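Position 3 of the sequence shown, counted from 1, bears residue number 54 in our numbering, the numbering being contiguous throughout.
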Amino acid sequence: WYERTNKTWGAVLLDTVEKYPDNELIVHGNKRISYAEFYRLVQSFAAGLLQIGAQRGEHTAIWMTNCAEWMVAQFGAYQIGSPLVPINTRFVRDEAGYALSQSGATTLVLRDRFLGQKIDVLRWLEELIPEITSAEPGKIASKRFPRLKRVICLGERVPRGAYSFGEILDVGKAWENSAALSRASLAVNP
């Protein structure tokens, strides 16, 4: 039984997609995403991560509330072989900063606001990483978080030094289409 279960999360997802491609995986309000569509989003996000410089073995931190994009970022990180660092959305600024520092994350995926728009996460982010307001995306040179290079933001507001979540999906889709991305180029199998 152990050999049958010795799979990566990417392989488990692919097996499920192959069995139930048209079944709904996510139903949230009016949003409905099938396994096949979710897999395409994950592949695009993973390809986008690779295109902006993320690498296998580097840590990806996610500081977001529960949403479909959280799952896409999670499985996208798994797909490229990036250990995941979930940061609790109930943390205050300095707790999140401590988690980010201790994790050594090179990529941070976050949402611009939490808890029904009450918490302005971007204000906290700019206080933690003031360099983000003048940096180019992918070129953050933070004194406090020297390993952090990339920030990806979901929401209406995106800091100057960050990528938007949609931009990563678009970059990934374009790369997949132009490079005929194969399963072998991503960390699907152990």
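Just so it is clear, CB atoms sit at the ideal spot from N, CA and C, and this is done for glycine as well. Quantities reported herein were computed from a predicted structural model and do not represent experimental measurements.
In chain order, 68, 72 and 73 place their CB closer than 7 angstroms to the CB of residue 87, counting only its own chain and leaving out the 5 sequence neighbours on each side. When the beta-carbon positions are compared, residue 200 and residue 217 stay at least 9 angstroms from each other.
Following the DSSP letters along the chain, one finds residue 159 inside the beta strand (DSSP E) bounded by residues 158-162. With respect to the C-alpha of residue 210, the residue from 222, 112 and 180 having the closest C-alpha is 180. For residue 70, the uninterrupted alpha helix (DSSP H) run begins and ends at 60-70, by DSSP. Per DSSP, residue 195 lies in no alpha helix (DSSP H) and is assigned neither H nor E. In the same chain as residue 205, and ignoring 5 residues on each side of it, the C-beta atoms closer than 6 angstroms to its own belong to 120, 162 and 216, in chain order. Annotation note: the stretch 80-166 contains the following uninterrupted beta strand (DSSP E) runs of length 3 or greater, listed N- to C-terminal: 82-85, 111-114, 135-137 and 158-162.
Each residue's CA atom was taken as its position, placing residue 56 and residue 100 some 27 angstroms apart.
Within the same chain, and ignoring the five residues on either side of residue 198 in sequence, the residues whose Cβ sits closer than 6 angstroms to its Cβ are 155 and 157. By the C-beta density criterion, residue 110 is buried, having at least 16 other C-beta atoms within 10 angstroms. The stretch 91-98 makes contact with the stretch 122-142, as at least three CB pairs between them are under 8 angstroms.
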